[in-house]
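Take any residue in the sequence shown, count from 1 to its spot, add 24: that is its number in the numbering used here.
Here a beta-carbon is modelled for each residue, glycine too, at the ideal position from N, C-alpha and C.
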Amino acid sequence: MDSYWHLLAWGAEGWGDEFAWGLLMTLEVSMVSYAVAVVFGFLGAAGKLSRHRWLRLVADLYTTVVRSLPELLVILLLYFSVASGAERLLKYLGLVDDGFQFSPFWAAIVALAFVSGAFMTEVLRSAYLAVPSGQIEAAVSIGMRPRKIMTRVILPQMMRHAVPGMGNLWLSITKESAIISVLGSFSELLYTGYRAAAGTKQYIFFYGLTAVLFLLITLVSVLAISRIEKHLNRGHR
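Have a look at this one:
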């Protein structure tokens, strides 16, 4: 047992600080990616619910293509093709210096969020459609402005229906954050576990520790999501 604690020492003798940093990196990537995915989701849902046909077509194409392909493939295409293509275009237009390069961290974040945003789009669209249309019509009939209708009638009820799906997507993103390790030297939790196991040959211990930390993230997240659901469902059966 003492030898295992020695493996988790801080500093050059152990992997404790690397695992702490890997856990923080996983949480940072997950939270930022989730926030950006929510933005993509709202934009996609607005497009799919739009009265303009071309917006509906763009949103449908986005969700259909992204959900049809393996997530890793989409992320690799966005990271290595779209990002590099955008860099070359900006340089060609003279908008940036020749040495300009997108931040690998933010490129990975946007790629992961773009994929998750397609699923978020469907969650938010379904939540919007679950709001009784009669309540929206009643708000219009009493002269409420569109912004107030959205903030006081639609959004509160939307979130009540959306939280379960949004919670599931959060749990997915915490695990999908491990994908960014293939894009570069991102020392997130799974990559740290791999390095520690390969460097010490203690595969069961370090992969088991990695699994426990992911499980801990999930348990805390499930408890938080459950409390949010109970709060939003007060007064409803």
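Residue i: which of the options sits nearest, CA to CA?
i    : options                   : result
K199 : W29, V164, G189 and L239  : L239
S92  : A142, A61 and T50         : A142
A36  : I228, A69 and T224        : T224
A61  : M190, P180 and F126       : M190
M144 : V155, M183, I241 and F124 : M183
A162 : I173, L153, D84 and A154  : I173
L31  : Q226, I241 and G232       : Q226
T50  : G217, I228, T242 and E212 : E212
L100 : V177, F138 and Y215       : F138
L96  : V206, R251 and A44        : V206
H185 : S250, A59, A154 and L113  : A154
A151 : I178, W45 and I166        : I178
W45  : Y215, E111, I228 and G232 : Y215
A202 : D84, G38, E52 and L119    : E52
Between residue i and residue j, which are expected to be in contact by the criterion C-beta below 8 Å, what is the C-beta distance as a whole number of angstroms?
i    : j    : result
L14  : I204 : Because the chain in this structure spans residues 25 to 261, residue 14 falls outside the shown range and cannot be described.
T88  : G68  : So it is not a contact: roughly 11 Å between Cβ atoms.
V147 : G65  : 7 Å
P188 : E253 : 7 Å
T242 : G217 : Actually they are not in contact, since the Cβ atoms of T242 and G217 sit about 16 Å apart, beyond 8 Å.
I197 : S54  : 5 Å
L195 : S250 : Wrong, their Cβ atoms sit about 12 Å apart, outside the cutoff.
Check whether the Cβ atoms of residue i and residue j sit closer than 8 Å, and answer yes or no.
i    : j    : result
R149 : K72  : yes
A221 : F230 : yes
L47  : L237 : yes
S57  : S140 : yes
F126 : K115 : no
V90  : V82  : no
Does any CB atom of chain B fall closer than 8 Å to the CB of residue i?
i   : result
L67 : You won't find chain B in this structure, because it holds only one protein chain.
At least three beta-carbon pairs within less than 8 Å, the region 122-141 to the region 90-107: The region 122-141, when compared against the region 90-107, does touch it at the 8 Å Cβ threshold.
Contained alpha helix (DSSP H) runs [length at least 4] in the region 98-133, N- to C-terminal order: Listed in chain order, the alpha helix (DSSP H) runs fully inside the region 98-133 are 107-116, counting runs of at least 4 residues.
Please list the segments of the alpha helix (DSSP H) lying wholly inside the region 167-255, counting only runs of 4 or more residues, in order along the chain. 179-200 and 213-224, all fully within the region 167-255.
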